[in-house]
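Colleague: Protein sequence lines correspond, in order, to chains A and B.
Per my numbering, residue 2 is the first one in the first sequence, and the count goes up by one each step.
Per my numbering, residue 11 is the first one in the second sequence, and the count goes up by one each step.
Quick one: the structure is below, questions incoming.
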Amino acid sequence: MSSTSNSPTHHTSTIGAIGAPSRRNTELALLVFAVAIPVFAYANVGLAINSHVPAGLLEYGLGLGLLAGVAHLAVRKFAPYADPLLLPLATLLNGLGLVVIWRLDQSRLLQSLPHFAPSAPRQLLYTALGIAMFSAVLIFLKDHRVLQRYTYISMFCALVLLILPLVPGLGADIYGAKIWIRVPGLGSLQPGEFAKIVLAIFFAGYLMVKRDALALASRRFMGLYLPRGRDLGPILVVWAISILILVFETDLGTSLLFFGMFVIMLYVATERTSWIVFGLLMSAVGAVGVASFESHIQTRVNAWLNPMREYQLSRQITHDGVLHSDQLQQSLWAFGSGGTLGTGWGQGHSDLIKFAANSDFVFATFGEELGLAGIMAMLLIYGLIVERGLRTALAARDPFGKLLAVGLSGAFALQVFVVAGGVMGLIPLTGMTMPFLAYGGSSVLANWALIGILIRISDTARRPAPTPATNPDAEMTQVVRPS
Amino acid sequence: MNKPLRRIAIFCGLLVLALLIRDNYLQYVKADELAGQKDNRRVAIERYAHPRGDIIVDGNPITGSVESKSGDFKYRRTYKDGPMWAPVTGYSSQAFDANQLEKIEDGILTGNDDRLFFRNTLDMITGKPRQGGNVVTTLNAAAQKAAYDGLKSRGGKGAVVALEPSTGKILALASYPSYDPSSFSGNTNTDAKNWNKVQKKNDPADPTLNRALRETYPPGSTFKVVTAAAALENGLYKSADEKTNSPLPWIMPGTTTPLKNEGNIQCRDVSLREALRLSCNSVFGKVGSDLGNDKMLEEAKKFGFDAEQFTPVRSNASVFSDNMNKSQTALSSIGQYNTAATPLQMAMVASAVANDGKLMQPYMVDELQSPNVDPVEKTQPKELSRPLSPANAQILQGMMETVVKSGTGTKAQIPNVVVGGKTGTAQHGVANSANPYAWFISYAKLPDGSSPVAVAVVIEDESANRDDISGGGLAAPIAKNVMNAVINSKK
Numbered sequence: 002m003s004s005t006s007n008s009p010t011h012h013t014s015t016i017g018a019i020g021a022p023s024r025r026n027t028e029l030a031l032l033v034f035a036v037a038i039p040v041f042a043y044a045n046v047g048l049a050i051n052s053h054v055p056a057g058l059l060e061y062g063l064g065l066g067l068l069a070g071v072a073h074l075a076v077r078k079f080a081p082y083a084d085p086l087l088l089p090l091a092t093l094l095n096g097l098g099l100v101v102i103w104r105l106d107q108s109r110l111l112q113s114l115p116h117f118a119p120s121a122p123r124q125l126l127y128t129a130l131g132i133a134m135f136s137a138v139l140i141f142l143k144d145h146r147v148l149q150r151y152t153y154i155s156m157f158c159a160l161v162l163l164i165l166p167l168v169p170g171l172g173a174d175i176y177g178a179k180i181w182i183r184v185p186g187l188g189s190l191q192p193g194e195f196a197k198i199v200l201a202i203f204f205a206g207y208l209m210v211k212r213d214a215l216a217l218a219s220r221r222f223m224g225l226y227l228p229r230g231r232d233l234g235p236i237l238v239v240w241a242i243s244i245l246i247l248v249f250e251t252d253l254g255t256s257l258l259f260f261g262m263f264v265i266m267l268y269v270a271t272e273r274t275s276w277i278v279f280g281l282l283m284s285a286v287g288a289v290g291v292a293s294f295e296s297h298i299q300t301r302v303n304a305w306l307n308p309m310r311e312y313q314l315s316r317q318i319t320h321d322g323v324l325h326s327d328q329l330q331q332s333l334w335a336f337g338s339g340g341t342l343g344t345g346w347g348q349g350h351s352d353l354i355k356f357a358a359n360s361d362f363v364f365a366t367f368g369e370e371l372g373l374a375g376i377m378a379m380l381l382i383y384g385l386i387v388e389r390g391l392r393t394a395l396a397a398r399d400p401f402g403k404l405l406a407v408g409l410s411g412a413f414a415l416q417v418f419v420v421a422g423g424v425m426g427l428i429p430l431t432g433m434t435m436p437f438l439a440y441g442g443s444s445v446l447a448n449w450a451l452i453g454i455l456i457r458i459s460d461t462a463r464r465p466a467p468t469p470a471t472n473p474d475a476e477m478t479q480v481v482r483p484s
Numbered sequence: 011m012n013k014p015l016r017r018i019a020i021f022c023g024l025l026v027l028a029l030l031i032r033d034n035y036l037q038y039v040k041a042d043e044l045a046g047q048k049d050n051r052r053v054a055i056e057r058y059a060h061p062r063g064d065i066i067v068d069g070n071p072i073t074g075s076v077e078s079k080s081g082d083f084k085y086r087r088t089y090k091d092g093p094m095w096a097p098v099t100g101y102s103s104q105a106f107d108a109n110q111l112e113k114i115e116d117g118i119l120t121g122n123d124d125r126l127f128f129r130n131t132l133d134m135i136t137g138k139p140r141q142g143g144n145v146v147t148t149l150n151a152a153a154q155k156a157a158y159d160g161l162k163s164r165g166g167k168g169a170v171v172a173l174e175p176s177t178g179k180i181l182a183l184a185s186y187p188s189y190d191p192s193s194f195s196g197n198t199n200t201d202a203k204n205w206n207k208v209q210k211k212n213d214p215a216d217p218t219l220n221r222a223l224r225e226t227y228p229p230g231s232t233f234k235v236v237t238a239a240a241a242l243e244n245g246l247y248k249s250a251d252e253k254t255n256s257p258l259p260w261i262m263p264g265t266t267t268p269l270k271n272e273g274n275i276q277c278r279d280v281s282l283r284e285a286l287r288l289s290c291n292s293v294f295g296k297v298g299s300d301l302g303n304d305k306m307l308e309e310a311k312k313f314g315f316d317a318e319q320f321t322p323v324r325s326n327a328s329v330f331s332d333n334m335n336k337s338q339t340a341l342s343s344i345g346q347y348n349t350a351a352t353p354l355q356m357a358m359v360a361s362a363v364a365n366d367g368k369l370m371q372p373y374m375v376d377e378l379q380s381p382n383v384d385p386v387e388k389t390q391p392k393e394l395s396r397p398l399s400p401a402n403a404q405i406l407q408g409m410m411e412t413v414v415k416s417g418t419g420t421k422a423q424i425p426n427v428v429v430g431g432k433t434g435t436a437q438h439g440v441a442n443s444a445n446p447y448a449w450f451i452s453y454a455k456l457p458d459g460s461s462p463v464a465v466a467v468v469i470e471d472e473s474a475n476r477d478d479i480s481g482g483g484l485a486a487p488i489a490k491n492v493m494n495a496v497i498n499s500k501k
């Protein structure tokens, strides 16, 4: 496997990863920790809640270990030069998410709610499907550049996915946001999670072709390169679609995510700062414009500005036709009550959030039970995933790969920011979920696919170039060691 | 494309940084504020997560804790003889918060008090479960039982307060009708039903009112003790047996109305002793009128009027008005007009006389204990004021003892014990139409000269007919039983 790791020659003058070790053993070692930590956490929850080690500890440990092992073998076989951090980090988050979902399943308060069903077994199933998805990406996507062929099909798919929740009879309005579809026999799906990936493929393919036109044909004005009117077309279309999402699906998060991802990719493709300025202006205009007439957005913003008032309104009978929710205040209390070190696994009361405690608000449970220390660690893990994704983009040798990697990483970062910022009261709440931690099949599947694609790109980027051309300069200074 | 890419990397780093800063703000800067907000249910969950400490009388807990079967609050309060002790303990309810001692000493009882911090930290390190501390009261179980049973057997409304004159310790604090705080200490529908049942709007008898501390009644003739004290202290008369030079009928200054006495009693020119024995309105009205509003008010204030007492449970302030004309002062000096006193206040009056003129601050918490019964804080008796000189106090004692020996208070006599007292029958209602209140205040004195107990009893008896109500008939027997209980428990 690591035949190149102890390669005798070091082409120090060659940029890139030639002769670089594959790092698969590093990944394996990290994976052991990524599995062991959630297993300990699981035991800890059981001890805290029921005073004994949970009966399913062995099965859970073996299950998670097996899934991680399968993923690792898939990487070893099909992407041997991939980044060694992405898989362990995602596994760790997924494992901890499972622990917290199981922990919330034990809550008497949540059990007493109508429609309660244990979520952990299903999340474990979703995780298995996610790993299968991840492996499938590695097996069938031999080269990410293949995706370039599907640029316009991707666009079509993305639009269909985004429109699905609005189809009557299929879409489901959950707590005011229409971002779900109900598939009989399968449960609810969040097509937006998949649209994220498909759109990134479309943007990458489109921008790779159009970037020169968008970048070069421009006038300079007040230090900014202004694009020509007709080049504004694409950004206006994406902006319009985002606004439509905001208006019809009333979801600020998804809207922000897609527009932000497009602006990031546009900026990287064209290297023009003016796009960022335009993007910010347009999203500000769009958000404020829609918020001025969309009551659901207004409610979210009011709740964000004054969560305590919203909490009090939620406890009385109001006749303003608005569904008041105490969730944000409950979430803030969960974080605050956790303090610096947290209450410890299983000893918090984040179940007071009730609805969506294990999905949209799962981060609050981490906040309460692991405290500031735990949350900082989690945020740094997310940061690390994003930065590894961006590192992959830097190392990628083809523009399509670069754009796709930066798009996916950027979308991932925006999603983490929007969700974590929402539950911590930094920005208004949106209806998205914390990648890997939250309960939900769509989220788990889509994010494993996202990691799969990043690993595929990074494998290509880090793979040693086939038979590097000999560098005459290098040869002249080469030291010949007697062997 | 790498330059913008690096910038995006920095931008993503900034996003994470923003989250980190926000989290530090939330979980470090604002953590304590959020964790302590009263709407944060964790505060209540934590409050009921451990067995609450006990309130202790005579070495025995009168409270307890049991595990609730349902809900997220683990422990529920229980009370032994709840209705009897309710005026002392108050209630601690998961649904309806707490009051009185349960509220005031909540920190000790839950174990959250700062003074228990060191111990709690030790417990946390050694892994011992959190426990609450105890509140040791000054009360006397036998006296409390005598007081409560006495009120209960009468069946009307009423209150009893007994004090230890030398220290101010509250020995009995009973109010009737009462309520059982156990019945709504939980968080269920039954608790809510029981709570609503005892609220004033649903029960006109108002069982949750702590009459001993929070109800002021016109003190009637028992206030004459204060007036007599004012007369002696201001030198109006030098002794108890001096002629008071008072006419009968005595016309109130500025009016043409004579101040009437109850019944046909001989009050002309009698001594103070005789006037107190017979309860002459005309004599004490004139004393008050002669001394004037200011001097009467000054003496009343020395006895504790016009001030709330913190035992530590707050009592209402008793009233003696200011800016009255002479006839109003005369009426006030016989415990009518605006004069109103809590049972605690009248017990303080009797106790100050019994304690040779020294009024002690009444208190009911003797000691706060940590969970392992180490003392955290011990209450030291504190002098509140000196309404009487020792000599005048002894003169007044003689007068009050005459009342019990051969006056209106004979029903309070205890064999081999010197008892001093004063009856009262206070009129109230529009044109005095409602049934009057029956009062009795008294103290007992042991052969060694020490006084172990002073009592005030008030009964508002709506079922008895008007003639029957007199302090001597209704209230004195209860006072006698309470004093007896204290004396017997000292043996």
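All C-beta atoms, glycine included, are put in the ideal place defined by N, C-alpha and C.
Could you check the C-alpha separation between A241 (chain A) and E28 (chain A) for me, to the nearest Å?
Modeller: What you label residue 241 (chain A) is simply residue 240 of the first sequence in a count that begins at 1. What you label residue 28 (chain A) is simply residue 27 of the first sequence in a count that begins at 1. Cα to Cα, the separation comes out at about 43 angstroms.
Colleague: Have a look at L48 (chain A) and V40 (chain A) and give me their C-alpha separation to the nearest angstrom.
Modeller: On the first sequence, residue 48 (chain A) is found 47 positions in, with the first residue counted as 1. On the first sequence, residue 40 (chain A) is found 39 positions in, with the first residue counted as 1. So the alpha carbons of these two residues sit roughly 12 angstroms apart.
Colleague: In the stretch 23-67 of chain A, which residue ranges form an unbroken alpha helix (DSSP H) of at least 4 residues, counting only runs that do not cross its ends?
Modeller: Listed in chain order, they are 25-51.
Colleague: Beta strand (DSSP E) containing F450 (chain B): first to last residue?
Modeller: Position 440 of the second sequence holds residue 450 (chain B). Here the beta strand (DSSP E) through F450 (chain B) covers Y447 to K455.
Colleague: Let me make sure I understand the geometry here. Which of A:I277, A:V248, A:W449 and A:A394 has the alpha-carbon closest to that of F294 (chain A)?
Modeller: Working through the first sequence from its first residue, we reach residue 294 (chain A) at position 293. When each option's Cα is compared against that of F294 (chain A), the closest is A:V248.
Colleague: If we define contact as Cβ-Cβ less than 9 angstroms, is I18 (chain B) a contact residue for chain A?
Modeller: On the second sequence, residue 18 (chain B) is found 8 positions in, with the first residue counted as 1. So yes, I18 (chain B) belongs to the interface.
Colleague: Quick one: list the residues of chain B neighbouring V407 (chain A), beta-carbon separation under 8 angstroms, in chain order.
Modeller: Counting from 1 along the first sequence, the entry for residue 407 (chain A) is found at position 406. Near V407 (chain A) (Cβ distances below 8 angstroms), the residues of chain B are L15 and I18.
Colleague: Strictly under 9 angstroms for the Cβ-Cβ distance: is H53 (chain A) near chain B by that measure?
Modeller: Translated into positions along the first sequence, residue 53 (chain A) becomes position 52. Not closer than 9 angstroms to any Cβ of chain B, the Cβ of H53 (chain A) fails to qualify, so no.
Colleague: I'd like to check one pair, G434 (chain B) with F233 (chain B): are the Cβ atoms closer than 9 angstroms?
Modeller: By one-based count along the second sequence, residue 233 (chain B) stands at place 223. By one-based count along the second sequence, residue 434 (chain B) stands at place 424. Yes. Within cutoff.
Colleague: If you draw a straight line from the C-alpha of A238 (chain B) to the C-alpha of L406 (chain B), how long is it?
Modeller: Here residue 238 (chain B) refers to the residue found at position 228 of the second sequence. Here residue 406 (chain B) refers to the residue found at position 396 of the second sequence. Roughly 7 angstroms separates the two Cα atoms.
Colleague: I'd like to confirm the pairing. Which residues does DSSP put opposite D303 (chain B) in its beta bridges?
Modeller: Numbered from its first residue, the second sequence carries residue 303 (chain B) at position 293. Per the sequence presented here, residue 303 (chain B) reads as Asn, with Asp not at that position. Looking at the DSSP assignment, N303 (chain B) forms no beta bridge with any residue, so it has no partner.
Colleague: Could you give the distance in angstroms between the alpha-carbon of R301 (chain A) and the alpha-carbon of I66 (chain B)?
Modeller: Residue numbering aside, residue 301 (chain A) sits at position 300 when the first sequence is read from its first letter. Residue numbering aside, residue 66 (chain B) sits at position 56 when the second sequence is read from its first letter. Whole-angstrom Cα-Cα distance: 52 angstroms.
Colleague: Give me the chain B residues within the contact set of Y82 (chain A), using Cβ-Cβ distance strictly less than 9 angstroms, ordered along the chain.
Modeller: Along the first sequence, one-based indexing puts residue 82 (chain A) at 81. Within 9 angstroms Cβ-Cβ: nothing; Y82 (chain A) doesn't reach chain B, min ~20 angstroms.
Colleague: With DSSP as the reference, please indicate the residues paired to G434 (chain B) in a beta bridge.
Modeller: Position 424 of the second sequence, counted from the start, is the residue given in the question as residue 434 (chain B). According to DSSP, G434 (chain B) bridges with B:W449.
Colleague: Chain B partners of E194 (chain A), CB-CB under 8 angstroms?
Modeller: Looking up residue 194 (chain A) in the first sequence gives position 193. Neighbours of E194 (chain A) on chain B: none; closest Cβ ~19 angstroms, over 8 angstroms.
Colleague: Residues in the stretch 434-468 of chain A with C-beta within 8 angstroms of chain B's C-beta atoms, listed in sequence order?
Modeller: Residues passing the 8 angstroms Cβ filter: none.
Colleague: Who are the Cβ neighbours of S4 (chain A) in its own chain at under 6 angstroms, not counting the five residues just before and after it?
Modeller: For this step, residue 4 (chain A) is matched to residue 3 along the first sequence. Because the pLDDT at S4 (chain A) is just 42, under 50, the model does not fix this residue reliably, and the point stays unresolved.
Colleague: Once you ignore the five residues that flank L371 (chain A) on each side, which residues in its own chain have a CB closer than 6 angstroms to its CB?
Modeller: The residue labelled residue 371 (chain A) in the question sits at position 370 within the first sequence. Once the five neighbours on either side are set aside, the close Cβ partners of L371 (chain A) are G343.
Colleague: In angstroms with no decimal places, state the Cα-to-Cα distance between G17 (chain A) and I236 (chain A).
Modeller: Here residue 17 (chain A) is taken as the residue at index 16 of the first sequence, counted from 1. Here residue 236 (chain A) is taken as the residue at index 235 of the first sequence, counted from 1. In this predicted model, G17 (chain A) has a pLDDT of only 49, less than 50, meaning its place in the structure is not dependable; the value taken from the coordinates is given anyway. Looking at the two C-alpha atoms, the distance is approximately 34 angstroms.
Colleague: So, at 6 angstroms on beta carbons, what are the nonlocal neighbours of Y453 (chain B) in its own chain, with the 5 sequence-adjacent residues on each side left out?
Modeller: For the purposes of this step, residue 453 (chain B) is identified with residue 443 of the second sequence, where counting begins at 1. Closer than 6 angstroms at Cβ, skipping near neighbours: A360, A364, G430, S461 and A464.
Colleague: Can you tell me the Cα-Cα spacing of E174 (chain B) and E318 (chain B), whole angstroms?
Modeller: Walking along the second sequence from the start, residue 174 (chain B) turns up at place 164. Walking along the second sequence from the start, residue 318 (chain B) turns up at place 308. Cα to Cα, the separation comes out at about 19 angstroms.
Colleague: Against chain A, with Cβ distances strictly below 9 angstroms, would G178 (chain B) count as a contact?
Modeller: One-based indexing of the second sequence puts residue 178 (chain B) at position 168. Answer no: the Cβ-Cβ gap between G178 (chain B) and chain A never drops below 9 angstroms.
Colleague: Can you find a C-beta in chain A that's less than 9 angstroms from the C-beta of G23 (chain B)?
Modeller: Locating residue 23 (chain B) in the second sequence gives position 13, where the first residue counts as 1. Closer than 9 angstroms: yes.
Colleague: Sort out for me which residues DSSP pairs K179 (chain B) with in a bridge.
Modeller: Here residue 179 (chain B) refers to the residue found at position 169 of the second sequence. B:E174 and B:Y373.
Colleague: Count the other CB atoms, across all protein chains shown, that sit within 10 Å of the CB of M2 (chain A); report buried if there are 16 or more and exposed otherwise.
Modeller: Stepping through the first sequence from its first residue, residue 2 (chain A) is reached at position 1. In this prediction, M2 (chain A) scores a pLDDT of 41, lower than 50, which makes its location untrustworthy; the coordinate-derived value is nonetheless stated afterwards. Classification for M2 (chain A): exposed.
Colleague: DSSP three-state label for I275 (chain B), please.
Modeller: Along the second sequence, read from residue 1 onward, the residue named residue 275 (chain B) stands at position 265. Coil at I275 (chain B), not helix or strand.
Colleague: Which whole-angstrom value describes the C-beta separation of Q355 (chain B) and F315 (chain B), a residue pair presumed to lie in contact below a C-beta threshold of 8 angstroms?
Modeller: As a first step, residue 355 (chain B) is located in the second sequence; it is residue number 345 there, counting from the start. As a first step, residue 315 (chain B) is located in the second sequence; it is residue number 305 there, counting from the start. Correct: roughly 7 angstroms between the Cβ atoms.
Colleague: Note down, in chain order, every chain B residue with its Cβ under 7 angstroms from the Cβ of L391 (chain A).
Modeller: Here residue 391 (chain A) refers to the residue found at position 390 when the first sequence is read from its first residue. Result: L15, I18, A19 and C22.
Colleague: Indicate the three-state DSSP secondary structure (helix, strand or coil) for N212 (chain B) in the structure shown.
Modeller: Translated into positions along the second sequence, residue 212 (chain B) becomes position 202. Coil, per DSSP.
Colleague: Leaving out five residues before and five after K403 (chain A) in sequence, what residues of the same chain have Cβ atoms less than 6 angstroms from its Cβ?
Modeller: Your numbering for residue 403 (chain A) matches position 402 in the first sequence. Same-chain partners within the cutoff: A394 and A397.
Colleague: Starting from the Cα of F21 (chain B), find the closest Cα among A:A414, A:N448 and A:L333 and give me that residue.
Modeller: Your numbering for residue 21 (chain B) matches position 11 in the second sequence. Looking at the Cα atoms, A:A414 is the closest of the given residues.
Colleague: Is the beta carbon of L183 (chain B) closer than 9 angstroms to that of V76 (chain B)?
Modeller: Taking the second sequence and counting its residues from 1, one reaches residue 76 (chain B) at position 66. Taking the second sequence and counting its residues from 1, one reaches residue 183 (chain B) at position 173. Going by C-beta atoms, V76 (chain B) is not nearer than 9 angstroms to L183 (chain B).
Colleague: What in chain A is Cβ-close to K40 (chain B), meaning under 9 angstroms?
Modeller: Counting from 1 along the second sequence, the entry for residue 40 (chain B) is found at position 30. The contacting residues are L333, F336 and G337.
Colleague: Would you report the Cα separation of T13 (chain A) and N12 (chain B), rounded to the nearest angstrom?
Modeller: Start at 1 with the first residue of the first sequence, and residue 13 (chain A) comes out as number 12. Start at 1 with the first residue of the second sequence, and residue 12 (chain B) comes out as number 2. For T13 (chain A), the pLDDT reaches just 47, beneath the cut-off of 50, and the residue's location in the model is therefore unreliable, although a value from the coordinates is still provided. Whole-angstrom Cα-Cα distance: 22 angstroms.
Colleague: State yes or no: is the beta carbon of Y153 (chain A) nearer than 9 angstroms to at least one beta carbon in chain B?
Modeller: Indexing the first sequence from 1 puts residue 153 (chain A) at position 152. No, Y153 (chain A) does not count as interfacial toward chain B.
Colleague: Closest to V467 (chain B) by C-alpha separation, out of B:T131, B:M493 and B:N445, would be which residue?
Modeller: Residue numbering aside, residue 467 (chain B) sits at position 457 when the second sequence is read from its first letter. V467 (chain B) has its Cα closest to that of B:M493, out of B:T131, B:M493 and B:N445.
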